[in-house]
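In the numbering used here, the protein residues as written are 11 to 392.
All remarks here apply to the structure that follows.
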Amino acid sequence: MRGSTAGLADTLASGSRAHQALLEIADLVFASIVVAPAVVSYWKSTWSLMDLYVVPDEPVSSAAACAIFGLLCDLFLCVFQSKLGKFLTPEHGWLTYYVLSRLYTYVAGVACVGAWRGVWNLLNECTGDSARTLLATTGAATLSLAALRALRNISAAPFAVAVDGPQDYFDVPTMFRTTSREMALYVLDCIFSVTVVGSLVVFVWRGSWALLDIFLYPDDQVRSFWTSLVGGYVVVLVTFALQVPMRWAAARLHGAPRLLLVDVYHLMSFVATVNVWRGVWGLLDVYYFPDRPKFSNWSIHIISLTLLILLNCSNSILVRGVYIDAEEPAGDCVVFPCHYLRLFFHKERTKKRHSRVLAAAALAAARKTEEASMLQTPEEKV
11 MRGSTAGLAD TLASGSRAHQ ALLEIADLVF ASIVVAPAVV SYWKSTWSLM
61 DLYVVPDEPV SSAAACAIFG LLCDLFLCVF QSKLGKFLTP EHGWLTYYVL
111 SRLYTYVAGV ACVGAWRGVW NLLNECTGDS ARTLLATTGA ATLSLAALRA
161 LRNISAAPFA VAVDGPQDYF DVPTMFRTTS REMALYVLDC IFSVTVVGSL
211 VVFVWRGSWA LLDIFLYPDD QVRSFWTSLV GGYVVVLVTF ALQVPMRWAA
261 ARLHGAPRLL LVDVYHLMSF VATVNVWRGV WGLLDVYYFP DRPKFSNWSI
311 HIISLTLLIL LNCSNSILVR GVYIDAEEPA GDCVVFPCHY LRLFFHKERT
361 KKRHSRVLAA AALAAARKTE EASMLQTPEE KV
């Protein structure tokens, strides 16, 4: 769900400022209104299906089974990412690549939800749900991520849209950026990234969500969910509106002040994200066939995943990789990876440019051949 935007904004910048601003607004609307609800729907339905089918009568065993499956699967996909990227390419057949890559997304998506559900529910069983405990665990996890310079990893849709491109489809950045050539260090890096950083992110999400359950109209769930949804989207709008001044400020600050600014901005985006997710999740429970949970969740699961695959952004459902706070140069560190439409039009412009170059080269070759033919003497022609 996360991603780096180093240099991407400058790469996509072309055309008039008005055109670029219009595309940027369209991207933000698309991420907020289309991608985010689809991603939340996928997570909600998959989570609920695990509630229904994975040892439903034993909460601890169910959570443990999901955690073990999810974390081991995430670790496997992290360790063998280079192998997957090497052998699953369009060069081996586009149809084969497409089917296997989307199968990868499905398995990885189920693993991500399983790992989160397992860690989340085990934490519920171990620490309870009192407000004081939630504040302590959430605060400790947030500070730990900030100390590791990994706070941005709490981001999700609508502030992150992953386009399903073959170039980096299987990439999972690790905390310390080691390579598979140093296998022992690489495996340890993968383990740390998946288990430690990943679990800290779950702690922050779980605590924030539970605190909203406690303090935001606890006696009226429908009102609570609607308030989360509307309030979340208001903060989404404000956060996106602040991106230009934040980018300007981040480009002029250095060291600790720059890192602090970036972390505060990411926390602001997280407040918006967790409220939007909670609102969509809860309202689906309330309004979409609440008396038929199996039909409700299976239909949501299939529809949301199919929509994201058809839109070519199914990897947005995945929580994978570790991204470092303020690692991009200048103000790129506060640019959210929501470039779906801009990437599409950039690719189309590149294709047209390439076609024009090929056409010009063919025309030039034809002219040279014609000129050479005209310069030949009659004897040479014979």
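All residues carry an ideal CB built from backbone N, CA and C; glycine is no exception.
From a predicted model like this one, the values you see are computed outputs, not experimental measurements.
In the three-state scheme derived from DSSP, where H, G and I count as helix and E and B as strand, T184 is classed as coil. Counted as a single uninterrupted DSSP element, the alpha helix (DSSP H) harbouring E34 occupies residues R27 to F40. When only Cα atoms are considered, T184 and L85 end up about 11 Å apart. A distance below 7 Å between beta-carbons, with the five flanking residues on each side excluded, links W258 to the following residues of its chain, in chain order: G341. The three-state secondary structure of A172, taken from DSSP, is coil. Distance between I164 and W215, taken at the CA atoms: about 8 Å. Cβ-Cβ separation between R127 and C76: approximately 5 Å, consistent with a contact (criterion under 8 Å). Per the coordinates, the alpha-carbon of S234 lies some 46 Å from the alpha-carbon of T189. Nearest neighbour of V244 by Cα position, chosen from T143, V173, N285 and G95, turns out to be N285. In the pairwise beta carbon analysis, the stretch 223-234 is classified as touching the stretch 289-304: at least three pairs are separated by under 8 Å.
Around the beta carbon of Y350, 16 or more other beta carbons sit within 10 angstroms, so the residue counts as buried.
G124 and F169 do not touch by the CB rule: their CB atoms are close to 24 Å apart, not below 8 Å. By the criterion of a C-beta distance shorter than 7 Å, D273 is surrounded in its chain by A156, L161 and D335, once the five residues flanking it on both sides are discounted. Cα atoms of D181 and K378: separation of roughly 46 Å, rounded to the nearest angstrom. Residues of the same chain with a CB within less than 7 Å of the CB of K304, apart from the 5 flanking positions on each side, are L62 in chain order. In the three-state scheme derived from DSSP, where H, G and I count as helix and E and B as strand, C323 is classed as coil. Of S71, V120, T106 and A31, the smallest CA-CA separation from S58 is found for V120. Per the coordinates, the alpha-carbon of E68 lies some 15 Å from the alpha-carbon of C136.
Taking a contact as a CB-CB distance under 8 Å, the pair T283 and G217 does not count as one, their CB atoms being some 14 Å apart. Within the same chain, no residue comes within 7 Å of L82 by CB-CB distance, once the 5 residues on both sides are set aside. The Cβ atoms of L353 and V173 lie closer than 8 Å to each other. Closest in C-alpha terms to Y179, from the list L317, G95 and V44, comes G95. A straight line joining the alpha-carbon of W287 with that of G331 spans about 21 Å. Closest in C-alpha terms to A46, from the list N325, E358 and H356, comes N325. A straight line joining the alpha-carbon of R191 with that of L113 spans about 27 Å. Comparing alpha-carbon positions, the option among V171, L239 and V240 lying closest to D37 turns out to be V171. Between S55 and V65, the gap from beta carbon to beta carbon reaches 8 Å or more. The alpha carbon of T152 has as its nearest neighbour, out of W291, A166 and F280, the alpha carbon of F280. In the structure shown, P300 falls within a coil segment according to DSSP collapsed to helix, strand and coil.
DSSP places R142 within a helical segment (H, G or I) once states are collapsed to three.
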